[in-house]
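Student: Numbers in my numbering are just positions in the sequence shown, counted from 1, shifted up by 19.
Ideal Cβ placement from N, Cα and C applies to all residues, glycine included.
None of the values given here were measured: they were computed from a predicted structure.
I'd like to ask you about the structure that follows.
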Amino acid sequence: MKKNIVLILSIVLFQSCYFGAGVVEVDLPSSYFLFGNNSIDETAIFFETGEYNSDVIVEETVFAVGFNKKFIIAKSYTNDSKFMFEDKNPEILNGIQEDDLISYHILDLREKNPKKSKGMNFTEYLTKRRELKISEKLNFTIILKENTIK
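Given below as structure tokens:
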């Protein structure tokens, strides 16, 4: 009986340790990190502001990220888009292109107190990339898909 109680308590304790981890946890440069707690749909980019404190810089759902020494680039779905594609209702999706539902983000690593990114459409993103002289070699290297990180 005593062995059973110890076994049950051990299982409960080990299981509770596991649930502290997120589905997606990727360190990025300069105190930034990519984190999704329960699902990939919750993945966002955070900036660590102090011990145990962080601010959301790019809201969910981030699905692609790239970085170099100066910049982080990211792609995210707009807030309503994940619900539109889950339903796949032709009346809702009629005339909407997937590109219309994607926001692009450029985070300058030189900023010490970054603000929340509002996102840009693809044309604005390309213009900003040229303006900031971001290397064409900087691409999206972290691609999140359901149940995988590529």
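Roughly how many angstroms separate the alpha carbons of Phe90 and Lys152, rounded to a whole number?
Tutor: Their Cα atoms are separated by approximately 11 Å.
Student: Can you list, in chain order, the residues of its chain with a C-beta nearer than 6 Å to that of Arg149? Leave out the 5 residues immediately preceding and following it.
Tutor: Answer for Arg149: no residue qualifies.
Student: Between the alpha carbons of Phe52 and Thr62, how many angstroms are there, rounded?
Tutor: Distance between the alpha carbons of Phe52 and Thr62: 10 Å.
Student: Here's the rule: buried if 16 or more other CB atoms are within 10 angstroms of the residue's CB, otherwise exposed. What is Lys40?
Tutor: Looking at the sequence itself, residue 40 is Ala, so the reference to Lys does not match. Counting Cβ neighbours within 10 Å, Ala40 comes out exposed, since fewer than 16 surround it.
Student: Confirm, please, whether the CB-CB distance from Val43 to Leu163 is below 8 Å.
Tutor: Cβ atoms of Leu163 and Val43: closer than 8 Å.
Student: Under the rule that 16 or more other beta-carbon atoms within 10 Å means buried, what is Ser154, buried or exposed?
Tutor: The residue is exposed, with fewer than 16 neighbouring Cβ atoms inside 10 Å.
Student: Checking 8 Å against the spacing of the C-beta atoms, do Lys94 and Ile121 come in under that value?
Tutor: Taking 8 Å as the Cβ cut-off, Lys94 and Ile121 qualify as a contacting pair.
Student: Compute the distance between the beta-carbons of Ile161 and Gly85, then report whether it is under 8 Å.
Tutor: Yes, the pair counts as a contact, with Cβ atoms nearer than the cut-off.
Student: To which residues of the same chain is Tyr96 closer than 7 Å at the C-beta, ignoring the five residues directly before and after it?
Tutor: For Tyr96, where only same-chain residues beyond five positions count, the Cβ hits under 7 Å are Thr80, Phe82, Leu120, Ile121.
Student: For the beta strand (DSSP E) containing Tyr71, name the first residue and the last one.
Tutor: From DSSP, Tyr71 is part of no beta strand (DSSP E); its letter is neither H nor E.
Student: With a 10 Å radius around its C-beta and 16 neighbouring C-beta atoms as the bar for buried, classify Phe141 as buried or exposed.
Tutor: Under this definition Phe141 is an exposed residue.
Student: Could you give the first and the last residue of the continuous alpha helix (DSSP H) run that contains Leu47?
Tutor: It is not in any alpha helix (DSSP H) - Leu47 carries neither H nor E in the DSSP assignment.
Student: Pull up the distance between the alpha-carbon of Leu145 and that of Asp74, whole angstroms please.
Tutor: Roughly 26 Å separates the two Cα atoms.
Student: When the Cα atoms are used, what is the spatial distance from Glu67 to Glu78?
Tutor: Roughly 15 Å between the two C-alpha positions.
Student: Tell me whether Phe65 sits in a helix, a strand or coil according to DSSP, three-state version.
Tutor: Correct three-state label for Phe65: strand.
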